[in-house]
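What follows is one structure encoded as structure tokens, with my remarks underneath.
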Amino acid sequence: MRAELANYVHMFEEKAQRLGLHRNKLGKSEMNFLEKVWGPAFDYEFDGLEAEYPLKDFKGGDRYADFVYMKNGIKLLIEIDGFTTHARDISPGDFSDHLTRQNDFMLQGWMILRFSAYQVDKQPMLCQRQIVQAIGHWWSLLNKRTGVTLDGQLWSNRKQLLTQLAYQYNGFLRSSDIARSFNIPTRTARNWITHFVNEGLLTPERPNRKITGYWLSGYVDCGK
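Using this note's numbering, the first residue of the sequence shown is number -16, and each one after it goes up by one.
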């Protein structure tokens, strides 16, 4: 376990015990989220991310979100659902309460992302892409209100995701790899490539003057 993650977990457990929260240990799905999704996507920077965050529902009762991210005006709520949690053995009343709870949080200004435990474990890059996209959407809304440009941070996050993906493909990427891994349109993947070629992160491979893919600049092998 990375030192940054171990410290985050330790701080959570210490705080949970001190405040007497209903859970003072993170479960398997929550740990998978931190290790496979958030950590790699944000270079193991956990500032602004809180686990088991207490919220008040429409009845004034206490509810707990798996994770919330609050930073620079962003309010992102992240839930991780096991199949049995919401798909089996739930009464009509509980199901209605579950939907009302979610609607109430949205009316309180939260953007909500829901992932299955399977997605977190087996499709972490899809989760990463949607989180980055959600944060980018928040930023665009804040830009309109404040006039502050935050696009640089969004591209910084995308750069981390793309670099991580390139190492999984031995330093060589095609637009189809990016589109498939992040579940984005091929046209969007090409826009990402153009941006990072101009930035110097990616270098086109032209064996016969036709681009066949892109090398991650500085990759150890680089095919040479």
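We treat Cβ as the ideally placed atom computed from N, Cα and C, and that holds for glycine.
{"query": "Do ASN140 and PHE25 come within 8 Å of each other at the CB atom, strictly closer than that value?", "result": "yes"}
{"query": "When the Cα of ARG46 is compared with those of ILE63, ALA162 and ARG84, which residue comes out closest?", "result": "ARG84"}
{"query": "Of the choices LYS42, ARG170, LEU(-12) and GLU13, whose alpha-carbon is the least far from that of HIS81?", "result": "LYS42"}
{"query": "Closer than 8 Å by C-beta to PHE16: which residues in its own chain qualify, once you throw out the five before and the five after it? Chain order, please.", "result": "ASP49, PHE50, ILE61, ILE63, PHE98, VAL103 and CYS110"}
{"query": "Relative to the alpha-carbon of HIS5, which residue among GLN113, GLN151 and TYR36 has its alpha-carbon at the smallest distance?", "result": "TYR36"}
{"query": "GLY196 to PHE155, Cα distance in whole Å?", "result": "7 Å"}
{"query": "Step through the CB atoms of chain B and report whether any lies within less than 8 Å of the CB of LEU185.", "result": "Reference to chain B is not applicable here, since this structure consists of a single protein chain."}
{"query": "Could you check if MET108 is buried or exposed, using at least 16 other CB atoms within 10 Å of its CB as the buried criterion?", "result": "buried"}
{"query": "Could you please give the first and the last residue of the uninterrupted alpha helix (DSSP H) stretch that includes TRP175?", "result": "169 to 182"}
{"query": "Determine the direct distance from the alpha carbon of ARG192 to that of ASN(-10), and round the result to whole angstroms.", "result": "50 Å"}
{"query": "For the region 55 to 120, which segments carrying the beta strand (DSSP E) assignment without a break, of at least 3 residues, lie completely within its bounds, in sequence order?", "result": "57 to 64 and 94 to 99"}
{"query": "Which residues bound the beta strand (DSSP E) around LEU32?", "result": "32 to 39"}
{"query": "Once DSSP output is grouped into helix, strand and coil, what is the label at LEU144?", "result": "helix"}
{"query": "If you reduce the DSSP assignment to three classes, tell me which class PHE155 lands in.", "result": "strand"}
{"query": "State buried or exposed for ILE176, treating a residue as buried only when at least 16 other CB atoms are found within 10 Å of its CB.", "result": "buried"}
{"query": "Is it the case that the Cβ atoms of GLN113 and LEU96 are separated by a distance below 8 Å?", "result": "yes"}
{"query": "Kindly indicate which residue of GLN106, ASN181, PHE88 and GLY119 has the alpha-carbon position closest to the one of LEU137.", "result": "GLY119"}
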